[in-house]
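Using this note's numbering, you'd call the opening residue of the sequence shown number 404 and step up by one each time.
A short write-up of the structure that comes next.
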Amino acid sequence: MKRKEYTGQDITVSFDLGRCIHSRNCFLQLPKVFDPGNRPWVQPDQAAAEEVAAVIRACPSGALAYRRGYGRDEQPPQINRLAILENGPLVLAGDISVEGGETQTRVALCRCGQSKNKPYCDNSHVDAGFATTGEPAPKTPPEKDGQGGAVKVDRQPDGPLKIDGNVEMCTGTGKRIAKLGMAYLCRCGQSKNKPFCDGSHKQAGFKDTPG
404 MKRKEYTGQD
414 ITVSFDLGRC
424 IHSRNCFLQL
434 PKVFDPGNRP
444 WVQPDQAAAE
454 EVAAVIRACP
464 SGALAYRRGY
474 GRDEQPPQIN
484 RLAILENGPL
494 VLAGDISVEG
504 GETQTRVALC
514 RCGQSKNKPY
524 CDNSHVDAGF
534 ATTGEPAPKT
544 PPEKDGQGGA
554 VKVDRQPDGP
564 LKIDGNVEMC
574 TGTGKRIAKL
584 GMAYLCRCGQ
594 SKNKPFCDGS
604 HKQAGFKDTP
614 G
């Protein structure tokens, strides 16, 4: 889906509806700029550009992004962080490339198997009644020393998400689970060792070959 842009004097805000997981961070933090009851719903000049940018950086899914007319554009964090949300997606912040696409800093990745915008979350877990903990204590691969750098995200055919790069994996409340250099993460919703893949997609007959 093409991003819709809202241009202000010092900042341009872009929005991808298909990526939105309706966390409402933007409205709750800055309703004079982000108000779904207004048309247009984004009005960048209603606050200082840096204030708008700060709220966008808190958007977990990357549905909101920005460009600055001057000043510094968004930079990836020094530590790539993968958070596991209760009954919801995997939220990754870092220097991210999804399936060979342009570099991003924030993505929410489907782990219920129901999204119509895979590998991204589209909030389908809500209607599907997906229920799983955001505070897992799974068996983990050996820890790695690195924390930053590029991270590549790719779907394996009818299988897990491959996360290739240094990532600190955290629970939804921020407790560290592991520091990883590579991981294969469940995206069919059936693994008994979530967030990691345990091969359950095969028994479940999960089908989603990247095309």
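Heads up, the beta-carbon is just placed ideally off N, CA and C, and yes, glycines get one too.
Bear in mind that the values here come from a model prediction, so they are computed numbers and not experimental data.
Presumed contact (8 angstroms Cβ cut-off) between residue i and residue j, rounded CB distance
i: Asp-498; j: Asp-561; result: Going by Cβ atoms, the distance from Asp-498 to Asp-561 rounds to 28 angstroms, so no, they are not a contact pair.
i: Ile-414; j: Ala-461; result: Their Cβ separation, rounded to whole angstroms, is 15 angstroms, which puts Ile-414 and Ala-461 out of contact at 8 angstroms.
i: Met-572; j: Leu-488; result: So it is not a contact: roughly 12 angstroms between Cβ atoms.
Opposing strand residues paired with residue i [DSSP bridges]
i: Val-554; result: Ile-499
i: Phe-418; result: Lys-407 and Leu-467
i: Ala-486; result: Val-494 and Cys-573
i: Leu-588; result: Leu-564 and Phe-599
i: Phe-437; result: Val-445
Pairwise C-alpha distance: residue j and residue i
i: Glu-638; j: Arg-475; result: Missing from the structure shown is residue 638; the chain here goes from 404 to 614 and no further.
i: Gln-606; j: Ile-566; result: 22 angstroms
i: Val-554; j: Ala-457; result: 23 angstroms
i: Gly-491; j: Arg-590; result: 11 angstroms
i: Lys-592; j: Ala-450; result: It is worth fixing the name first, because residue 592 is Gly in this sequence and not Lys. Going from the Cα of Gly-592 to the Cα of Ala-450 covers about 40 angstroms.
i: Ser-527; j: Asp-448; result: 33 angstroms
i: Arg-406; j: Gly-608; result: 33 angstroms
i: His-604; j: Pro-480; result: 32 angstroms
i: Ile-424; j: Phe-418; result: 12 angstroms
Neighbourhood of residue i by C-beta, 6 angstroms cutoff - its chain only, sequence neighbours within 5 removed
i: Ser-518; result: Cys-524, Asp-525 and Ser-527
i: Gly-411; result: Pro-447 and Asp-448
8 angstroms Cβ shell around residue i - same chain, five flanking residues per side excluded
i: Glu-616; result: Since the first residue of the chain shown is 404 and the last is 614, residue 616 is not available in this structure.
For the region 430-447 and the region 524-540, state whether three or more C-beta atom pairs, one from each stretch, are separated by less than 8 angstroms. The region 430-447 makes no contact with the region 524-540; the number of CB pairs closer than 8 angstroms stays below 3.
If you pair each beta-carbon of the region 505-516 with each one of the region 568-585, do three or more pairs fall below 8 angstroms? no
If contact is defined by three or more beta carbon pairs under 8 angstroms, each pair taking one atom from either stretch, is the region 543-553 in contact with the region 455-469? Pairwise C-beta distances place the region 455-469 out of contact with the region 543-553, as fewer than three of them are shorter than 8 angstroms.
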